[in-house]
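Working notes, beginning with the structure itself.
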Amino acid sequence: MTNNIEESERMRKALLSLIEDQKLATQKLKESEELFRSLAESTSSAIFIYKNEKFVYVNKSTEILTGYTAEELYSMHFWDVVHPDFKEIVKKRGLARLRGEEVSSNYEFKIIKKHGEEAWIDFSASKIIWKGEPAAIGSAFDITERKKGEELLKQSEKQYRLIAENTADTIAVFDMNLQYTYVSPSVKTLLGYSPEEVMKIGLTGILTKESLKKAQELYEQEMAIELSGKGDPNRSFIFSSNGICKDGRIIDLESTVSIIRDTNGNAKEILTVSRDVTEKNKLKKELQEREERMRLIVEGTPNFFFYTQDNNGILTYVSPTVEQITGYKPEEWYNQKHWFATENVLNKNATVITHKHLKGETSKDPIYFELYHKNGNKVLLEIYENPIVKSGKVVGLQGIATDITVKKKREIIQKIQYNIANAVVTSKSLNELFEVVRNELTELIDTKNFFIAFYDEKTDTLKSNIDKDEKDEIPEWPAEKSLTGYVIKTKHSLLLSKEDIISLYQNGIINLIGTLPESWLGVPLVISNKVFGVIAVQDYHNKNAYDEHSVEVLEIIAKQLSIYIEQKRAEEKILKLTIAIEQSPASIIITNTDGIIEYANRKFCEISGYNLEEVIGKNPRFLKSGVHDKSFYKELWDTIESGNIWKRELCNKKKDGSLYWENEIISPVIDENGKITNFVAIKEDITAKKELNDKLIRSEEEFRSIWENSVDAMRLIDEEGIIINVNEAFCKMFDLSKEELIGKPFDVCYTKGNHISKFKERYITNSIPKKLEAQIELYNHKKIWIDVTNSKIEIKDNPPLLLSIFRDITDKKKLIEELITAKEKAEEMNRIKSHFFATMSHELRTPFVGIMGFAELLYDEIENQEHKEMAGRIIQASKRLTNTLNQILNMTKLEFDKQELYITNSDAVQILEDVYLQFEKTAKIKNLELRKKFKLDSFFIDSDEKLVSEILINLVNNAIKYTDKGWVEIYANKKIKNKKEYFVVEVRDSGIGIPKEKQELIWEDFRQASEGTSRKYEGTGLGLSIAKRFAEVLKANLYLKESVPNIGSVFVLEIPIENESVKEKAVIVEDTNEDREFKAEKISFQKKKILYVEDEQMAIDIVKRSLSNNYDIDCVTNVKDTLEKVNDINSNYDLIFMDINLGHSTLDGIQLTAEIRKIDKYKNVPIVALTAYASEDDKNEFLSKGMDYYLSKPFTISDLRKLVNDIFNK
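Anchor point for the sequence shown: position 1034 equals 1027 in my numbering, and the numbering is continuous, going up by one each time.
Rendered as structure tokens:
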């Protein structure tokens, strides 16, 4: 607080000085004002200026002090924040100051902050001229805490005086010359003198000569310490003396002496608190005599006795025998609680029992306690202990302790051997066994630093499977010249001190590895007189941590472990090999010498399509593809039967008849007699690699063609800025040959500068711009403008390179025509993007026709429940992938602003009914109640029906997905908001809810409330993001109304009934199915005939299998066959399915439809666009070009059958 006051005072003086300077130097007004504001805004004190009763300037600290903003303060009188008790005087002085009258410039008063809190401030002010008019500047800082402190100090002084005058002890205060300044009334009881008498006669009248001399010496000693400045300012001490009572009696006095200091820490007075201890000293003397008698008895026994005289367990006495047992003298035991305890768990139990004894409980059972001997060894004590009770109160403990270390060690060794033997049987791995061994040994040996190392004779290295060390982590090290290697070499246990280790090092026997321990012990693990490992412990602090007994214990354990380790290693090798084969990413089969399969792993079955029962006992010839001739297989058998390894690429045939390529290694298995017992084939499926390699070859050829023929200048450089390659266009642009460029720094093209160093810096920080335009000066001083595109090229197993594509845009910068060209290029890019959307949709959707279609057929036809479930999962996964594709393509269209609106007058309630029906089955599968609460029977809105449906599907789908039990409710009503009518839908659920901190991120792309490797729910995280953007396109409102974790969520969609701003940007469409007239046909029991035009055989198979039971279907794959069919005078098709992309045909589906419509008998036959072009734009185009219906791929069989049924029943 003092620092704040000083800082504020300094700041106030600086400001006032600044104002004086303003008066004397008006020409520097602007500079001074800037300095003033800088100072005012940087200080922690409130600085403000008022003029004509109102604030005209306040700094940030003023806002913090008052709680008001600057704007609020500028509208207030300067006295408006003052407490009512002070308001009148502050107002009076402030106005007088403005008038130029002399008033106090510094005073303290209270203010009331914005929210009602009261605060004390230290206020300073003076008159100034502000913008040519009289004003006053003030500074203030908060002194509330100081005021509270002053009030507390007053109360404290009052309380202490009451205590001093009523306490039984005598309190006296001396000045620094040992003259009394205060004596409490209790001195009358202590010495018989009144306080006034004592202050008159002084110390010389109330202390004996010896005590007075002792007091003088003590005073001089303390004053010397004070002068040195080295004493503890808070120190106090006990002074024992003899006092002379008024009646002449001599009494023993005990005084607590301390020094009273001022705020600067200087000694100001001496405080003493004195009491009569005459009787206490008599009792103490008697007790000492009694203790002496007990000592003579206790010190004659081989055990040690102890007792305490407090309830904290600190020893008051311990017999001298303790030194023989623990190495510590009795005085080393006093004033400490820990008893030199080890970390043994026994000590925790001992502490619990001791606490019970301190509470008055007694016991006949011993306590076991382990401590460190002074030499570092561990000592186990058996202690009989009980409380000392006086007047019903526990005043201490007493007990006797016996050293049972040797006895207990024998018992522990037996128990350890038993537990390790048991662990040998139950442990699942070597590491688990080693951990048991380490934990068991802890009872006898310090195993904080413990390792078991195994010796690899081939590499002459040591590896530690289990290594617990507080200093080093060395999992592997050379055996040569290591301590562990020395144990292996000598085949004997080794116990070394730090000095021993250094001696071995100095003699060249070992090298020092890791941190040097104080004590090291290593014992060999031996099987058949061959050392294969070492158990070792080491201690970094205690040179006596281990002894011969430790060696004996570790050798016993090592013998137990050696046999088991070898056995366990063999088992683990077999297990690892089995797991490796079974889980191998490669196909593995094992045959006998006749080629009969005895074993095949899961990967073989997965790739070939055969199950294990179908291949065991068979010859692998059933895999032959027909690609290889007899000589190929003869060479295979000749190689392996001669004991050699055969390695080639091999084409095999799967169960379903499809071919696949493998990289195959077949090796003979030879027994110890040199006889071939089996053949092992390890086969890697390289089908994808071969296809990828072919693509890479084509891609490389295409890239090289682009590189050499591109009109853009291309350059490839490494991370050092060295040119790796350039194309001809680059050479032409920079007027240099390839020989002058390749291998040189790239700045060879430019005038001199620090291009390379800047490039390296940006390369390292990954800050090279992806694209930039810049004017450069070439080496020949020619200046050109270039457009540069940079991208890193990552090549496997090679450092990345930077590909830069340059364009000379000098003319573009000069001529406006270049802008037109650029615009045309941009439009072309948009057309390419549009084509990309359509192509991506088509190419990704087409394969799903087969996947979903065949899966549905399998689901309907197979009876095996497990296989039926698998088919169901394929359908479910395909729908999920289709949904993901739709979401990504929708998001892409939104990103490129390609989403067009198709406005119809639609029944919003019917849209909701359709959404409800779509999810009714899904909800039942999850055992959820899907409820609908529609307050309207029908309600028409002008909007895009598909986008509205997409938004609602996303909301309901999310509600069901994130609800594990309970219900999902769809609520609908209308409401008036801002004089505008809305159709309102609320999707409510009892699901997992969304934490408050994640309620914003759910609207972001690819985000979910549940994220990371532990996320529980599937999905791309695009649903809500797309729904939100669709709502924005529709000028609708979509928001999260409320959500509580584990309670549920409510999402709200508000759709305007009429929206002119949307209509202006939309295409107003009507349902073409309703407008098109069809010739009425009578219902006939004869099968309807359908013509399907499709170039994808898989789609043909699906449609035929789905509809052939009820309809006659003709399928054609090209334009020529289609036109022949429809022009046949005997043809009479009732329905035509038309694919749009007909591959290499001369016409596409739209053009072919136009040709068919020219034929009279097919002018009104329904034509269905059955295509993978799935956007709303595509649909509307097809329906406007002569087609009547539309079904996008991938479709479900039920969707296909429903469409056909609806058409024929129309």
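Just so you know, even glycine gets a beta-carbon here, dropped at the ideal spot from N, CA and C.
None of the values given here were measured: they were computed from a predicted structure.
Straight-line CA distance for residue i to residue j?
{"i": "I946", "j": "G1142", "result": "31 Å"}
{"i": "N1030", "j": "I1048", "result": "7 Å"}
{"i": "P1187", "j": "S1124", "result": "29 Å"}
{"i": "L1193", "j": "Y1126", "result": "18 Å"}
{"i": "E376", "j": "K357", "result": "For the record, residue 376 in the displayed sequence is Ile; it is not Glu. Cα-Cα distance, rounded: 10 Å."}
{"i": "T335", "j": "E473", "result": "36 Å"}
{"i": "L1219", "j": "K596", "result": "The structure shown has nothing for residue 1219, since the chain only spans -6 to 1203."}
{"i": "L1100", "j": "F615", "result": "36 Å"}
{"i": "I717", "j": "C644", "result": "40 Å"}
{"i": "D1132", "j": "L1140", "result": "11 Å"}
{"i": "I503", "j": "S475", "result": "5 Å"}
{"i": "K451", "j": "G526", "result": "14 Å"}
{"i": "I397", "j": "I318", "result": "10 Å"}
Rounded to whole angstroms, how far is the Cβ of residue i from the Cβ of residue j, which I believe are closer than 8 Å?
{"i": "K647", "j": "A579", "result": "Wrong, their Cβ atoms sit about 16 Å apart, outside the cutoff."}
{"i": "L1017", "j": "I995", "result": "5 Å"}
{"i": "E378", "j": "G389", "result": "Actually they do not touch by this definition, with Cβ atoms about 11 Å apart."}
{"i": "D166", "j": "E262", "result": "According to the sequence displayed, residue 166 carries Val and not Asp. Contact holds; Cβ gap of about 5 Å."}
{"i": "A161", "j": "S179", "result": "6 Å"}
{"i": "K968", "j": "V977", "result": "5 Å"}
{"i": "L514", "j": "A529", "result": "7 Å"}
{"i": "L1196", "j": "V1161", "result": "7 Å"}
{"i": "V315", "j": "F297", "result": "4 Å"}
{"i": "S660", "j": "I638", "result": "5 Å"}
{"i": "T62", "j": "V74", "result": "Not a contact, Cβ separation roughly 13 Å."}
{"i": "N424", "j": "I459", "result": "6 Å"}
{"i": "K1118", "j": "L1163", "result": "Incorrect: roughly 17 Å between the Cβ atoms, too far for contact."}
Is it buried or exposed, residue i, if we count other Cβ atoms within 10 angstroms and call 16 or more buried?
{"i": "H348", "result": "exposed"}
{"i": "F1023", "result": "buried"}
{"i": "R708", "result": "buried"}
{"i": "E938", "result": "buried"}
{"i": "V620", "result": "exposed"}
{"i": "E974", "result": "exposed"}
{"i": "E285", "result": "exposed"}
{"i": "W332", "result": "buried"}
{"i": "Y1032", "result": "exposed"}
{"i": "G385", "result": "exposed"}
{"i": "R697", "result": "exposed"}
{"i": "G478", "result": "buried"}
{"i": "E849", "result": "buried"}
{"i": "Q499", "result": "exposed"}
Ordered list of beta strand (DSSP E) runs contained in the segment 262 to 336, each at least 3 residues: 297 to 301 and 308 to 311
At which residue ranges does the segment 514 to 545 contain complete beta strand (DSSP E) runs of 3 or more residues, listed in the order of the chain? Taken in chain order, the unbroken stretches of beta strand (DSSP E) that lie wholly in the segment 514 to 545 and span 3 residues or more are 523 to 532.
Pairs of beta-carbons, one from the segment 157 to 176 and one from the segment 185 to 197, closer than 8 Å: are there three or more? yes
Are at least three pairs of beta-carbons, each pair with one atom in the segment 568 to 584 and one in the segment 455 to 466, less than 8 Å apart? no
At least 3 beta-carbon pairs within less than 8 Å: the segment 1153 to 1165 vs the segment 1104 to 1117: no
Do the segment 88 to 95 and the segment 116 to 127 make contact, defined as three or more Cβ pairs closer than 8 Å? yes
Curious, which full-length alpha helix (DSSP H) runs of at least 4 residues does the segment 54 to 80 contain? Taking 4 residues as the minimum length, the alpha helix (DSSP H) runs contained wholly in the segment 54 to 80 are 63 to 67, in order along the chain.
Using 8 Å as the threshold, is the segment 1036 to 1047 in touch with the segment 923 to 940, meaning 3 or more CB pairs across them? no
Threshold first: 4 residues or longer. Then list the alpha helix (DSSP H) segments lying entirely within the segment 379 to 451, N to C. 398 to 419 and 423 to 434
Go through the segment 744 to 783 residue by residue and report every complete run of the alpha helix (DSSP H) that reaches 4 residues or more, in order. 748 to 757
Which runs of the beta strand (DSSP E) fall wholly inside the segment 573 to 597 and span at least 3 residues, in chain order? Every unbroken stretch of the beta strand (DSSP E) spanning 3 or more residues and falling wholly within the segment 573 to 597 is given here in chain order: 580 to 584 and 590 to 593.
Is the segment 758 to 765 in contact with the segment 730 to 738, if contact means three or more CB pairs nearer than 8 Å? Counting Cβ pairs under 8 Å, fewer than three are found: no touch.
Runs of beta strand (DSSP E) wholly within the segment 942 to 986 (minimum 3 residues, chain order): 960 to 970 and 973 to 982
On the three-pair Cβ rule with 8 Å, is the segment 945 to 962 touching the segment 902 to 916? yes
Counting only runs that start and end within the segment 640 to 702, where is the alpha helix (DSSP H) found for 4 or more residues in a row? 680 to 702
Is it the case that the segment 396 to 412 contacts the segment 433 to 440, given that we only count it when at least three CB pairs across the two stretches are under 8 Å? yes
Could you tell me whether the segment 1174 to 1183 touches the segment 894 to 908, where touching means 3 or more Cβ pairs closer than 8 Å? Too few Cβ pairs lie closer than 8 Å, so no.
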